[in-house]
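*Asks:* Sharing a structure with you now.
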Amino acid sequence: MSIPIRKERLPVLILISIYYLMTYYIFRYWNSTLLNLFHPYLSFLFAGLVLIFILTAITYFWKISLHSSSISALCGGMMAETLVAQPVTSQDQVFYINMALLVLVGIVCFSRLYLKAHTVSQTIAGIALGFSLAFSLVFFQIYI
557 MSIPIRKERL PVLILISIYY LMTYYIFRYW NSTLLNLFHP YLSFLFAGLV LIFILTAITY
617 FWKISLHSSS ISALCGGMMA ETLVAQPVTS QDQVFYINMA LLVLVGIVCF SRLYLKAHTV
677 SQTIAGIALG FSLAFSLVFF QIYI
């Protein structure tokens with residue numbers, strides 16, 4: 557799916573924000589009724605929700621790379637989750653998962669640049685925003 561005109565992206569992002577907000581609400585409700593089984597993933601979902609809202613706000617003014625931001629948020633969130641669950645997980649397995657995610661970030665960002673869908677600054681801004689936001693919210697287990 558390609559939406560090259562910045563202002564045409566706004567209705568899609570608003571609709572995605574609504575669906576993500578409903579998903580987060582459902583998981584919060586389930587977490588309170590199912591003995592906190594979803595606690596480790598609530599900060600991950602919250603990071604995605606905050607990222608969608610920030611990307612929607614940025615899209616009003618500038619065409620940031622949503623693909624780069626999303627894949628780097630997945631990478632940052634997974635890295636933080638593996639650091640939080642470090643005593644439980646195998647370090648070799650964590651290394652390979654994180655390495656594969658970093659390769660995916662490179663592939664997605666290269667493809668956005670190769671297709672001339674974004675400039676280098678739009679792609680780097682997406683990477684920086686997605687990774688830093690997801691990593692910090694998941695690592696410090698921040699959610700509402």
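Under this note's numbering, the final residue of the sequence shown carries the number 700; numbering is consecutive throughout. Even for Gly, the Cβ is constructed at its ideal location relative to N, Cα and C. Just so you know, these numbers come straight off a predicted model, no measurement behind them.
Please state if the CB of Gly662 and the CB of Ser625 are separated by a distance shorter than 8 Å.
*Replies:* By one-based count along the sequence shown, residue 625 stands at place 69. By one-based count along the sequence shown, residue 662 stands at place 106. No. Outside cutoff.
*Asks:* Does the distance from the C-beta atom of Val694 to that of Ala613 stay below 8 Å?
*Replies:* For the purposes of this step, residue 694 is identified with residue 138 of the sequence shown, where counting begins at 1. For the purposes of this step, residue 613 is identified with residue 57 of the sequence shown, where counting begins at 1. Their beta carbons are not under 8 Å apart, which means Val694 does not touch Ala613 by this criterion.
*Asks:* Output yes or no for whether 8 Å exceeds the beta carbon distance between Leu607 and Cys631.
*Replies:* Position 51 of the sequence shown, counted from the first residue, corresponds to residue 607. Position 75 of the sequence shown, counted from the first residue, corresponds to residue 631. No; because the gap between Cβ atoms is not below 8 Å, this pair is not in contact.
*Asks:* Apart from the five residues on each side of it in sequence, which residues of its chain come closer than 6 Å, Cβ to Cβ, to Cys665?
*Replies:* As a working mapping, residue 665 is identified with position 109 in the sequence shown. These residues qualify, in order along the chain: Ser624, Thr679.
*Asks:* Tell me which residues share the same chain as Leu566 and place their Cβ nearer than 8 Å to its Cβ, disregarding the 5 neighbours each side in the sequence.
*Replies:* In the sequence shown, counting from the first residue as 1, residue 566 sits at position 10. Result list for Leu566: Thr612, Thr615, Tyr616, in chain order.
*Asks:* What is the rounded straight-line gap between the Cα of Ala629 and the Cα of Val568?
*Replies:* Translated into positions along the sequence shown, residue 629 becomes position 73. Translated into positions along the sequence shown, residue 568 becomes position 12. One C-alpha to the other measures close to 19 Å.
*Asks:* Report the option in Ser692, Gln647, Val676, Ser621 whose CA atom is closest to the CA atom of Ser558.
*Replies:* Counting from 1 along the sequence shown, the entry for residue 558 is found at position 2. For the residues Ser692, Gln647, Val676, Ser621, the minimum Cα distance to Ser558 belongs to Ser621.
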